[in-house]
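For the record, the sequence lines run as chains S and L.
Note that the numbering used here gives residue 61 to position 55 of the first sequence, counting from 1, and the numbers run on in steps of one.
Note that the numbering used here gives residue 409 to position 356 of the second sequence, counting from 1, and the numbers run on in steps of one.
Worksheet: one structure, shown below.
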Amino acid sequence: MPRDTGLPPGTLMMVVLRVLSRQPLHGYAIAQTIRQRSGDELSVEEGSLYPALQKLLIKGWVKGSWRESDSGRQVREYRITASGRRQLEDEMAEYRRMSSAIDLLLKEA
Amino acid sequence: MGIIGEWLRRLGFLLRRQAMEDDLRREMEAHRAMMADPRGFGNTLRLRDEARDAWGWRWLDNLAQDSRFAWRTLRRSPGFTLTAIITLAFGIGVNIGMLQVVNGLLLRPLYEGPEQILEVHTRSTKPDGGARGLSYANYLDLREGTKTVFADLAASSFLLVGVDAGDGPRRAIAFAVTANYFDVLGGRLALGRPFVQSEERPGADARLAIISHRLWQQRGADPTIIGRTVRINGDPFTVVGVAAEGFTGTGIPGPEVWLPLGADDRLSARDSHELAVVGRVRADVPVENVAPALATSARRLEQAFPDVNGGYTLTASPPSRLLFMPGSGSAITALLALLLMVMPAIVLLVACLNLADLLLARGHIRRQELAIRSSLGGGRWRITRQLLTEGMLLAFAGAAAGAVLSSWATDAVMASIRPVLPVALSLPALDIDWRVIAGTVGFSMAASLVFGAWPAWSLTSRAVVSDLKRHVGEEGRQPGGIRIGKALVVCQVALSLLLLTTGGLFLMSAMSAATADPGFALDGGVLAEVDPGLAGYDEARGRQLHLALVDRLRAVPGIEAASIGSSFPFNGFGDSRLVAPAGGADPQSRSVDAVFAVVGRDYARVLGLPLLTGRDFSDAEMLPGSAERVAIIDDALAQRLGFGTNAVGQLIQFVEDEASDAKQPLRVIGIVPTINHSLGNAHPFPHVYVPLGQRYESAMTLHIRTGKESERAMLGTVGRVIRDVDPRAPVLRITTWRDHLDTGIEVVMFRTGARVFSAFGVIALLLAVIGVYGVKSYVVSRRTREFGIRIATGAQPRALLWQVLREGSRTTIIGIGIGLLLALGAGQFLQGMLYGVRSVEPLVLAGAPLILFAASLLASFIPAVRATRVDPTVALRSE
Numbered sequence: 007m008p009r010d011t012g013l014p015p016g017t018l019m020m021v022v023l024r025v026l027s028r029q030p031l032h033g034y035a036i037a038q039t040i041r042q043r044s045g046d047e048l049s050v051e052e053g054s055l056y057p058a059l060q061k062l063l064i065k066g067w068v069k070g071s072w073r074e075s076d077s078g079r080q081v082r083e084y085r086i087t088a089s090g091r092r093q094l095e096d097e098m099a100e101y102r103r104m105s106s107a108i109d110l111l112l113k114e115a
Numbered sequence: 054m055g056i057i058g059e060w061l062r063r064l065g066f067l068l069r070r071q072a073m074e075d076d077l078r079r080e081m082e083a084h085r086a087m088m089a090d091p092r093g094f095g096n097t098l099r100l101r102d103e104a105r106d107a108w109g110w111r112w113l114d115n116l117a118q119d120s121r122f123a124w125r126t127l128r129r130s131p132g133f134t135l136t137a138i139i140t141l142a143f144g145i146g147v148n149i150g151m152l153q154v155v156n157g158l159l160l161r162p163l164y165e166g167p168e169q170i171l172e173v174h175t176r177s178t179k180p181d182g183g184a185r186g187l188s189y190a191n192y193l194d195l196r197e198g199t200k201t202v203f204a205d206l207a208a209s210s211f212l213l214v215g216v217d218a219g220d221g222p223r224r225a226i227a228f229a230v231t232a233n234y235f236d237v238l239g240g241r242l243a244l245g246r247p248f249v250q251s252e253e254r255p256g257a258d259a260r261l262a263i264i265s266h267r268l269w270q271q272r273g274a275d276p277t278i279i280g281r282t283v284r285i286n287g288d289p290f291t292v293v294g295v296a297a298e299g300f301t302g303t304g305i306p307g308p309e310v311w312l313p314l315g316a317d318d319r320l321s322a323r324d325s326h327e328l329a330v331v332g333r334v335r336a337d338v339p340v341e342n343v344a345p346a347l348a349t350s351a352r353r354l355e356q357a358f359p360d361v362n363g364g365y366t367l368t369a370s371p372p373s374r375l376l377f378m379p380g381s382g383s384a385i386t387a388l389l390a391l392l393l394m395v396m397p398a399i400v401l402l403v404a405c406l407n408l409a410d411l412l413l414a415r416g417h418i419r420r421q422e423l424a425i426r427s428s429l430g431g432g433r434w435r436i437t438r439q440l441l442t443e444g445m446l447l448a449f450a451g452a453a454a455g456a457v458l459s460s461w462a463t464d465a466v467m468a469s470i471r472p473v474l475p476v477a478l479s480l481p482a483l484d485i486d487w488r489v490i491a492g493t494v495g496f497s498m499a500a501s502l503v504f505g506a507w508p509a510w511s512l513t514s515r516a517v518v519s520d521l522k523r524h525v526g527e528e529g530r531q532p533g534g535i536r537i538g539k540a541l542v543v544c545q546v547a548l549s550l551l552l553l554t555t556g557g558l559f560l561m562s563a564m565s566a567a568t569a570d571p572g573f574a575l576d577g578g579v580l581a582e583v584d585p586g587l588a589g590y591d592e593a594r595g596r597q598l599h600l601a602l603v604d605r606l607r608a609v610p611g612i613e614a615a616s617i618g619s620s621f622p623f624n625g626f627g628d629s630r631l632v633a634p635a636g637g638a639d640p641q642s643r644s645v646d647a648v649f650a651v652v653g654r655d656y657a658r659v660l661g662l663p664l665l666t667g668r669d670f671s672d673a674e675m676l677p678g679s680a681e682r683v684a685i686i687d688d689a690l691a692q693r694l695g696f697g698t699n700a701v702g703q704l705i706q707f708v709e710d711e712a713s714d715a716k717q718p719l720r721v722i723g724i725v726p727t728i729n730h731s732l733g734n735a736h737p738f739p740h741v742y743v744p745l746g747q748r749y750e751s752a753m754t755l756h757i758r759t760g761k762e763s764e765r766a767m768l769g770t771v772g773r774v775i776r777d778v779d780p781r782a783p784v785l786r787i788t789t790w791r792d793h794l795d796t797g798i799e800v801v802m803f804r805t806g807a808r809v810f811s812a813f814g815v816i817a818l819l820l821a822v823i824g825v826y827g828v829k830s831y832v833v834s835r836r837t838r839e840f841g842i843r844i845a846t847g848a849q850p851r852a853l854l855w856q857v858l859r860e861g862s863r864t865t866i867i868g869i870g871i872g873l874l875l876a877l878g879a880g881q882f883l884q885g886m887l888y889g890v891r892s893v894e895p896l897v898l899a900g901a902p903l904i905l906f907a908a909s910l911l912a913s914f915i916p917a918v919r920a921t922r923v924d925p926t927v928a929l930r931s932e
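What follows is the structure, encoded as structure tokens:
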């Protein structure tokens, strides 16, 4: 049952990296942060989030470590790595280029 | 680093997957617990699965799962599994076996860096000019002059010598080589040292030898062999080294011993062109640069020594791999090699058809299982992959069993060839190398694709619903599975018949070779091969020994007659000459090819041949320098030369004989009956005999007529007499005439061929039986309901039995019909390789189909009986 995450395809990893670039967060907090910061416009489902996190781990762009949360729960917290930051910059630059090109196109039309 | 790092992390996930999965599960639980509405969290199992996919090991999981499942399924039907593995083991086994032989003899590099090794030839610049070797002086100049293209040049000359490693002299191949020979070819030594520069120069008279690994092994792999002596042509040579195992120089067969170039005393003169030169091209020089550099060197050599080098240029090519082809016709050898490749391929094809049958039949039994799996959401590709995995598993098991089978087979083939080769030689070790492994895996994959994928696809193509409901209205028509199964059986029967008849033809050929009539009384004779040259005797001493031996043997009680000749029938190598009537123009056009033999007095008498007309050679003609050159010819030659009945007194001459006195005519003094000299000839070959005095051959065969009862007892006597006459006389072999024929290279080659090809035939027959059985079982099991109804309505079991057998026979007969056409074609193709067998051999063409038909009838008998035992109540309830 595909649910619309509201995120343009291919941008989920970038968004997660961007959120983590501010501070280390666990999975639930990542999903919450994305929703809040986008003014409830964007939501990310668990079904997309966790595969994305696994991929980020494999790519070496984030690292996970277990710690106790404020509420006393064991959570896995993800922290962005140096190569993850480089990747984020690359992806953001690319995204900006694309979106301004699309803006331009839409204005002209 | 990026990609490698990623792969390392992936591998880390795989190795610690339990911990990784735990992490996933725990963090998802935490996530769920934190949600306001935990029900919003999806199916945790599926989410975990999806997350795991990011690791990229899904395929491995699937493979492991499929393999486990396949293993369980196969174990549950051991009969099927065993049959399939045996079928494949034969199919793959014969292929690996042949691949190994072909690889060892034709493909495996014999020396290091094969692409950089070139052989340099001297070639005449005349349009139809031939090639020759190089002289040592030319070699030295060339080596200096081509340093820009060749890192180094080595040279060798080919010698046939008598090697005595303590067990009596044997004829063997020897190479006299330059000091750098092993270095240039990258040939290592197992023990000792290579030759050095000072031992290389002609006339150095260095009595040193490097022996082959095989010879060393034959002498018990003595680790202290260095410094010991072997006798070569009677002279002691000190062993300085042992070549590495499998090293044979540039070609096959390799020599038994390597000598320093200085040991070959022919080489000092600039016009003694005995050397084969090989060079290693410099690593930094493209191979194309070699030809112009050689041309330049050739011009310089031509200018410097116009008398010996005029009209010759130098060319280079990769060294030829086979030193020489045994036997006469290399076309036949090539054909045989082709056959040895094609026949196993057909066996493999039959095996694959068979497995397709088996899997198809088995698939039927599993249809419901597959239908249920498919209705539970198993995708078509998923199920096909499952069946494929099963096929692969079988293929690998079959390949493993086949590898074991093949090593026996190759050993058997090599063991049966080796003892009959006329000279001792070293063949490269036939070890399994990566090519053979690659070949095996390739065969397995191909086999699995052919017999795994296709039935799987066809099984899963049917609508699920109809399979669950199974059968309704199916009895009247033939479902696709049966039609395809029958087509497979037709192909299989046809191909099996082809292999069976080929095997039959070779078998008959071997039998008629073993019972071949030589044209003289074979029983009651002993022969002994002596070669004084191997002990270093010159012509005078050799002649003396030959005559002394014959004289002494004649005096032994129990010996009826004795003589000597340069050849004995059926030894595989015959010396032949073009003979023409003397005088007249263009003798070439009137010449006849005849077996040429130098013989002693009484030669015909020993063989039991009457002198038809004329006289035997005289004692005077046994010695050189007799007044007139004479010859005895057989009646076949007399006929072919057109002499009619008065051949005695005619003059004949040899055409194209290089001997200086060859142009002198010979007077025919006697006519003898024609004998058979070789099994390869359809008609008896004509013979011409000249007396001992007229020509000296060092290697001679003593012919001794003993009488039937005493021939075996005489073997020892003959050996003792020869030792009495001269203890140093090199005796190569003492045997009876009958044994000589039975163990001769020709009979053994026919016999080996018969063994190999009838083995193919028997394997094909076995496979055909399995195939027929598989399809028949399938057909019967599909029609269980029909048989049930018919039995319930009172059909006689006997009638059902006959019906099933009859239906099976139809398929077999069609297959046999096609197979017979193939067999007729093959018979034509094989004609040249067979002895005493017609291409259309009624015994084979009737016998093979009968055997096949009977076997397939037997194979369908069991399923037919099963059909009559169908319990109607069970059959009808089974829906």
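Ideal placement from N, C-alpha and C gives every residue a C-beta, glycine not left out.
| Check | Outcome |
| --- | --- |
| If the cut-off is 7 Å on Cβ atoms, which residues from the segment 33-57 of chain S count as contacting chain L, listed in chain order? | G33, Y34, E52, G53, Y56 and P57 |
| Taking a contact to mean a Cβ-Cβ separation below 8 Å, would you say G219(L) touches N286(L) in this structure? | no |
| DSSP three-state call for I816(L): helix, strand or coil? | helix |
| Let me check understanding here. Comparing Cα to Cα, which of D106(L), A566(L), P925(L) and L553(L) lies closest to V809(L)? | L553(L) |
| Give me the chain S residues within the contact set of A933(L), using Cβ-Cβ distance strictly less than 7 Å, ordered along the chain. | No answer is possible for residue 933(L): it lies beyond the span of chain L, which begins at 54 and ends at 932. |
| Under 9 Å between beta-carbons, which chain L residues line up against Q80(S)? List them in chain order, please. | R79, E80 and A83 |
| Residues bridged to R284(L) by DSSP? | D217(L) and P289(L) |
| Along chain L, which residues have their Cβ under 8 Å away from the Cβ of I64(S)? | E59, R62, R63, F66, A107, W108 and G109 |
| Determine the closest residue to A807(L) out of G595(L), E839(L) and Y888(L), with distance taken between C-alpha atoms. | Y888(L) |
| Evaluate contact between the segment 126-142 of chain L and the segment 96-106 of chain L, counting only Cβ atoms and requiring at least three cross-stretch pairs below 8 Å. | no |
| Return no unless some Cβ of chain S is closer than 8 Å to the Cβ of D90(L). | no |
| Using the Cα positions of R92(S) and R102(S), report the straight-line distance between them to the nearest angstrom. | 15 Å |
| Ends of the beta strand (DSSP E) at W311(L)? | V310 to P313 |
| Given that D76(L) touches chain S, what residues does it touch there, using C-beta distances under 9 Å? | G70, W72 and R82 |
| Would you call the CB atoms of A563(L) and R804(L) closer than 8 Å? | yes |
| For I686(L), which residues in the same chain have their Cβ closer than 6 Å to its Cβ, ignoring the five residues on either side in sequence? | V721 and V741 |
| With 16 as the cutoff for other CB atoms within 10 Å, does E309(L) come out buried or exposed? | buried |
| Do P345(L) and I170(L) have their beta-carbon atoms positioned less than 8 Å apart in this structure? | no |
| By the three-class DSSP mapping on this structure, what secondary structure does Q703(L) have? | coil |
| Measuring only between beta-carbons, confirm whether L113(L) sits less than 8 Å from chain S. | no |
| On the DSSP letters alone, give me the boundaries of the alpha helix (DSSP H) that Q271(L) sits inside. | H266 to Q271 |
| Give the DSSP bridge partners of M753(L), in chain order. | V583(L) |
| How would you label M561(L), buried or exposed, when you count the other beta carbons within 10 angstroms and need 16 or more for buried? | buried |
| Looking at the structure shown, is P359(L) part of a helix, part of a strand, or coil, going by DSSP? | helix |
| Taking only beta-carbon positions, decide if L100(L) is within less than 8 Å of chain S. | yes |
| Residues of chain A with a CB under 9 Å from the CB of G814(L): which are they? | Protein chains in the displayed structure are S and L, and chain A is not among them. |
| Please state the DSSP three-state secondary structure of D324(L). | coil |
| Just the chain S side, please: which residues come within less than 8 Å of A86(L) by C-beta, in chain order? | R79 |
| Quick one: what's V632(L) bridged to in DSSP? | V645(L) and F707(L) |
| Name the chain S residues that come within less than 9 Å of F94(L), Cβ to Cβ? | E52 |
| Label L112(S) either buried or exposed according to how many other C-beta atoms from any shown protein chain fall within 10 Å of its C-beta, with 16 as the threshold for buried. | exposed |
| Do you know how far the Cα of S27(S) is from the Cα of I56(L)? | 23 Å |
| With a threshold of 8 Å, are at least 3 pairs of Cβ atoms found where one atom belongs to the segment 583-597 of chain L and the other to the segment 654-668 of chain L? | no |
| Tell me the residue span of the beta strand (DSSP E) that contains R859(L). | Careful: R859(L) lies outside any beta strand (DSSP E), inside the alpha helix (DSSP H) at P850 to L883. |
| Which term fits K65(S), buried or exposed, when burial requires 16 or more other beta carbons within 10 angstroms of its beta carbon? | buried |
| Under 8 Å, do L447(L) and L141(L) count as touching if we go by C-beta distance? | yes |
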